[in-house]
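S.K.:
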Amino acid sequence: MSVLTPGEAARWATRAGLSLPDDRHALVAATADQVHSVVSVLRELDFGNTAPFREGDTDATA
Amino acid sequence: MRPHELTLAAASRAVASRELSPVELLDSALARLEEVEPRLNAYVAVTADRARAAARRAEREIAAGELRGPLHGMPMGLKDMIDVAGLPTSGSSRVRAGHRADADSAVAARLADAGAVLVGKTHTHEFAYGLITPQTANAHDAGRIAGGSSGGSAVAVAAGTAAFALGTDTGGSIRVPAALNGVVGLKPTYDLVPRDGVVALSWSLDHVGPLARTVEDVALVLPALTGGNPATVDGELTGLRVGVPCNYYFDHVDPEVETVVRQAIERVESLGAVLVEVELPMTRYVQAIQWGLMIPEATASHERTLRTTPELYAADVRVLLEAGELLPAGDYLRARRARTLLRREWLRVLEEVDVLAAPAVPMTAVPVGQETVTWLDGVTESVSDAYVRLSAPANITGVPALTVPVGADRAGLPIGLQLLGRPLAESLLLRVGHACEQRVTVTGA
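Chains as they are written, first to last, in the UniProt record's numbering: chain A, 1 to 62; chain B, 1 to 445.
1) Residues of chain B with CB under 8 angstroms from A9(A), in chain order?
2) Per DSSP, P367(B) is paired with what?
3) Could you check what DSSP says for H207(B) in three-state terms: helix, strand or coil?
4) What are the start and end residues of the alpha helix (DSSP H) that includes Q34(A)?
5) Hey, would you say Q418(B) sits closer than 7 angstroms to A360(B), going by beta carbons?
6) For A9(B), which residues of its own chain have a beta-carbon under 8 angstroms away from its beta-carbon, when the five flanking residues on both sides are left out?
7) Just the C-alpha distance for H25(A) and Y313(B), rounded to the nearest angstrom, thanks.
8) Just list the alpha helix (DSSP H) runs in the stretch 336 to 398 of chain B, keeping only unbroken ones of 4 residues or longer that don't cross its boundaries, in chain order.
9) Tell me the DSSP secondary structure of E426(B) in three-state form.
10) Any chance the CB of V274(B) is under 6 angstroms from a heavy atom of the ligand SAH?
11) Which of the three DSSP states, helix, strand or coil, is assigned to R54(A)?
12) Just checking, does the stretch 268 to 287 of chain B make contact with the stretch 55 to 62 of chain B on the three C-beta pairs under 8 angstroms criterion?
13) Measure from the C-beta of L291(B) to each C-beta in chain A and report whether the shortest distance is under 7 angstroms.
14) Is it right to say P328(B) is buried, meaning 16 or more other beta carbons lie within 10 angstroms of its own, or is it exposed?
15) Quick one: grab the DSSP three-state call for I132(B).
16) Determine which residues share a DSSP beta bridge with M76(B) and list them.
17) Drop a sphere of 10 angstroms on the beta-carbon of S17(B), count the other beta-carbons inside from all chains shown, and report buried for 16 or more, exposed for fewer.
18) Please work out which residues of its chain come closer than 8 angstroms, Cβ to Cβ, to A62(A), disregarding the five sequence neighbours upstream and downstream, and give them in chain order.
19) Where DSSP assigns a beta bridge to V184(B), which residues make up the other side?
20) The stretch 373 to 396 of chain B: which residues have C-beta closer than 7 angstroms to a C-beta of chain A, in chain order?
21) Distance cutoff 7 angstroms, beta carbons only. Does A13(A) sit that close to anything in chain B?
22) Is there a Cβ of chain B sitting closer than 7 angstroms to that of A32(A), yes or no?
23) Between A14(B) and the rest of its own chain, which residues show a CB-CB distance below 6 angstroms, the 5 nearest in sequence each way excluded?
24) If we define contact as Cβ-Cβ less than 7 angstroms, is A16(A) a contact residue for chain B?
25) According to the neighbour-count rule (16 or more other Cβ atoms, all chains shown, within 10 Å of its Cβ), is N247(B) buried or exposed?
26) If the cut is a Cβ gap below 8 angstroms, which residues of chain A does R339(B) touch?
27) Just how far apart, CA to CA, sit V406(B) and A212(B)?
28) Could you spell out where the beta strand (DSSP E) holding A411(B) opens and where it closes?
29) What is the DSSP secondary structure of T61(A), counted as helix, strand or coil?
30) How many angstroms separate the CA atom of V183(B) from the CA atom of L4(A)?
31) Can you give the Cα-Cα distance for T124(B) and L180(B), rounded to whole angstroms?
32) When we look at the beta-carbon of N49(A) and count the other beta-carbons within 10 Å, is it buried (16 or more) or exposed?
33) Taking 7 angstroms as the threshold (C-beta atoms), are S28(B) and R2(B) in contact?
34) Since I believe G433(B) is in contact with Y190(B) (beta carbons under 8 angstroms), could you give me their beta-carbon distance rounded to a whole number of angstroms?
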């Protein structure tokens with residue numbers, strides 16, 4: 001797994017429209033890496049034609 | 001017994017028979033609040049004058065023979081994520097300074113119609129984004145965490161300053177503090193209780209539900225929120241198939257918690273239920289789905305204020321919101337597709353059994369300041385991750401989940417049993433929960 005550098009975190013945030021102060025780059029990069037390490041497990045799954053879950057399909061509103 | 005010590009059901013019966021007036025009940029709750037609130041800090045704001053006016057109105061209506069129902073004149077707390085017209089909805093955050101809600105949330109309006117009396121707005125972990133609720137102390141031991149994010153609601157109910165309360169639950173935020181404070185908490189089926197006028201954390205996972213001291217009490221509150229019929233909580237269990245997980249729910253669980261929960265499950269069996277061992281599928285992906293949905297949605301929900309006043313967020317919440325900006329859309333979509341798969345697989349398991357029975361949380365309330373837990377096999381986990389771990393599946397699948405107190409550890413800290421059922425099976429969960437709950441009396445550390 002590639003590790004996000006503080007500079008990359010700042011650049012990605014800027015592309016998302018969020019300007020991060022210099023003193024937050026390292027902390028945000030480390031947190032984003034932790035999130036990535038947890039969420040990337042989903043790449044193991046073969047989704048086939050599975051559609052994203054739609055809230056309107058839930059039981060209470062069906 | 002002072003009026004605030006009565007369960008909601010008992011207080012309701014006393015008010016209906018005019019043995020107790022709503023004003024006496026509120027005065028008792030407010031006197032209790034004076035005693036315990038300096039230690040517990042369950043409330044962001046107490047609306048005593050407004051509550052007294054509502055209690056007097058309820059008293060007049062009931063005296064005139066206009067009893068609205070079982071919640072008429074009952075003192076309640078609302079988590080400060082829930083709009084009440086004219087009051088701030090702070091989310092226990094400096095970000096919301098100066099806020100005033102223009103209108104009632106759907107649930108606040110329904111409870112007002114039912115005649116409930118608002119004691120105040122209860123503390124939440126900031127914007128419901130956390131499992132601690134650091135402002136509030138545990139009702140059983142002020143040196144331990146209240147749990148969260150609906151910590152104020154759970155502590156207010158446990159301490160007797162509200163007969164019931166509402167919380168929100170995105171990854172366990174009703175059930176975790178309910179379990180840690182020895183009260184009953186229900187996360188209803190997804191979308192059963194309307195979220196209009198409730199501050200969002202994660203639209204895919206957010207639920208609104210009740211906390212109260214007994215299962216019977218929760219059963220009285222739920223119909224007022226849904227407009228549905230009251231559940232019968234007679235505890236009849238003969239022939240019921242109770243699924244006991246052989247994986248996930250008993251992994252990395254404190255031995256005392258496991259013992260007490262298994263004893264509760266044995267009691268259910270002794271009352272006529274049939275225990276069925278079940279293996280739960282796709283548990284490897286629970287945390288990934290939870291984070292993949294919640295983190296980008298929370299960031300989207302806070303997009304504007306994260307750019308205008310980021311310094312006003314607490315440090316733990318701010319960094320999660322910022323990191324959420326860096327999660328690719330592909331990861332979010334994978335989480336939504338994986339949710340479809342996991343839900344489908346879990347609903348198949350719930351065709352084989354009527355309910356699942358498991359611990360609510362892997363450990364009792366930890367001391368304030370403890371950040372990690374190390375299990376017997378040497379695995380270390382953050383306290384927040386541990387508390388979410390057994391709750392998140394019901395948020396992802398949307399199935400109803402109830403936690404009931406079933407005992408305590410050697411330190412006297414409450415232990416909760418969690419019951420999960422098929423969508424819209426709240427009545428069944430309440431029936432089973434009623435059969436095995438072990439009520440904890442009003443407490444205030």
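Every residue gets a Cβ at the ideal spot worked out from N, C-alpha and C, and that includes glycine. Being a predicted model, the structure only gives us computed values, none of them experimental.
M.R.: Judging by the given coordinates:
1) L326
2) R144(B)
3) strand
4) H25 to V39
5) yes
6) P70, T214, E216, D217 and L220
7) 17 angstroms
8) 383 to 389 and 392 to 397
9) helix
10) Among the components modelled here there is no ligand, and therefore nothing to report on the ligand SAH.
11) coil
12) no
13) Note on identity: in this sequence residue 291(B) is Trp, with Leu being the wrong assignment. Judged by the 7 angstroms Cβ criterion, W291(B) is in contact with chain A.
14) exposed
15) coil
16) L118(B) and F164(B)
17) exposed
18) For A62(A), the pLDDT reaches just 36, beneath the cut-off of 50, and the residue's location in the model is therefore unreliable, although a value from the coordinates is still provided. Within the same chain, A62(A) has no close Cβ partners at all.
19) A212(B)
20) none
21) yes
22) yes
23) L20
24) yes
25) exposed
26) P52 and F53
27) 15 angstroms
28) It is not in any beta strand (DSSP E) - A411(B) carries neither H nor E in the DSSP assignment.
29) Low per-residue confidence applies at T61(A): pLDDT is 41, beneath 50, and the placement is therefore not dependable, though the value from the model is reported in the following sentence. Correct three-state label for T61(A): coil.
30) 43 angstroms
31) 15 angstroms
32) exposed
33) yes
34) Rounded, the Cβ-Cβ distance is 19 angstroms, inconsistent with contact.
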